[in-house]
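A.B. asks:
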Amino acid sequence: MRDGLDRRTFVKGAGATAAGAALGVGTATADEEERDRETKSSTRSDEEPAVIAHRGFAGQYPENTVGAVELAARGGRGPAAARRGADMIEIDVVPTGDDDVVVFHDDRLSERDGGERGLTDADGVVWETPTEEVLDAEVLGSGETVPLLTDVMDAIPTGVAVNVEFKNPGSFDVRFAEKLDEDELAQQEEIWRPFTERVIDIVAEYDNEILVSSFYEAALSTVREAAPEIPVAPLLWNSIEDGLEVARRYDAEAVHPPYNMIRDTPFFADPYYTEGPWEGVDLLAVAHEEGREVNVYTLGTWYQAQELAAAGVDGLIVDYPGLLGFGARR
């Protein structure tokens, strides 16, 4: 995969054809889909950025569930569905106490908002809880339960790309959003390696384009070690410089910054998860010069989508479908 990959177009080239078929627009042969994908890639500068459904459009559907990814792939339900489905669906992976891989964001089943509003109706650390109990946990009272990674992958059409975020390998002894020295990295790789290999073994069974992202350097390192053909992207947190350096270490195909790291937008250096100053680095310009895509997280409004599309980002990691419907073309 990696040798033939056009880094600036791999996200954009995946997904739109299958999503259109799911909406009833029509079907195509494999050859037609491939030609369509190549056409989309070659005309990318004139197109909208890729729509990446954050946890399966977490603002619209119960996050990281089978139901969410099914709807995200086709742009919604019924006549109110968005014009286009997601080009890529972002999901989070963690292990259970039985070493199965599930799609879930938090460390604990009831951790959301400090436990005041549990993400599920169950308790316990995910990787200390038996698989059966994790899979029975209901997400936000929706009727949807925590799924296995295999169930989520089964639900996503092969033409829709999948961004697998490595959330935790099953340990509290991990180093979040840090650029590690050689000894630190080796220690962290020992923690991540078994989980990485399990995830890679699963996604290798599917034909979807895969992009692995993570805030953890050792997650990216062990993916490169186990499957160098799979594209990777560091998630940036509080340092553009460190994020770019990690991207260079692993020759990453993309970087995933928070939207307030993009210069020449109304949101640059605004308070978000973390704030600047970042005046010394034009992240978008540097990443593009180095041949990396820039996919920004996490958008919730059409205005954010419009302004970041105009700035020239490659992908929008969004909580809602249809945010590009208000003139967000480049």
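In the numbering used here, the protein residues as written are 1 to 330.
We treat Cβ as the ideally placed atom computed from N, Cα and C, and that holds for glycine.
1) I need the DSSP call for A287, collapsed to helix, strand or coil.
2) Report, in whole angstroms, the separation of the C-beta atoms of V255 and A287, which I expect to be a contact under 8 Å.
3) Out of G291, G312, D154, which one is the CA nearest neighbour of T65?
4) Return helix, strand or coil for I191, following the three-state DSSP convention.
5) Mind checking A73: buried by the 16 CB within 10 Å criterion, or exposed?
6) Name the two residues that bound the continuous beta strand (DSSP E) containing Y303.
7) With distances taken Cα to Cα, identify the nearest neighbour of R224 among F215, D207, R249, E205.
8) On the CB-based measure, 16 or more other CB atoms within 10 Å of its CB, does S213 come out buried or exposed?
9) Using a Cβ distance threshold of 8 Å, determine whether the region 92–110 contacts the region 174–191, with at least three qualifying pairs required.
10) Considering S213, what are the terminal residues of the beta strand (DSSP E) in which it resides?
11) Report the three-state DSSP secondary structure of R44 (helix, strand or coil).
12) Cβ atoms of V296 and I262: under 8 Å apart, would you say?
13) According to DSSP, is E205 helix, strand or coil?
14) Let me check one thing: in DSSP terms, what residues is N295 bridge-paired to?
15) With H, G and I counted as helix, E and B as strand and the rest as coil, what does DSSP make of L23?
16) Which one or two residues does DSSP pair with H256 in a beta bridge?
C.D. replies: From the atom records:
1) helix
2) 5 Å
3) D154
4) helix
5) buried
6) Not the beta strand (DSSP E): Y303 falls in the alpha helix (DSSP H), residues 302–311.
7) R249
8) buried
9) no
10) 210–214
11) Summary for R44: the model assigns pLDDT 32, below 50, so the residue's position carries little reliability; its value from the coordinates is reported in the next sentence. Helix at R44.
12) yes
13) coil
14) G315
15) Because L23 sits at a pLDDT of 27, beneath the cut-off of 50, its placement in the model cannot be relied upon, and the following sentence gives the value as read from the coordinates. If DSSP states are grouped into helix, strand and coil, L23 belongs with coil.
16) L235
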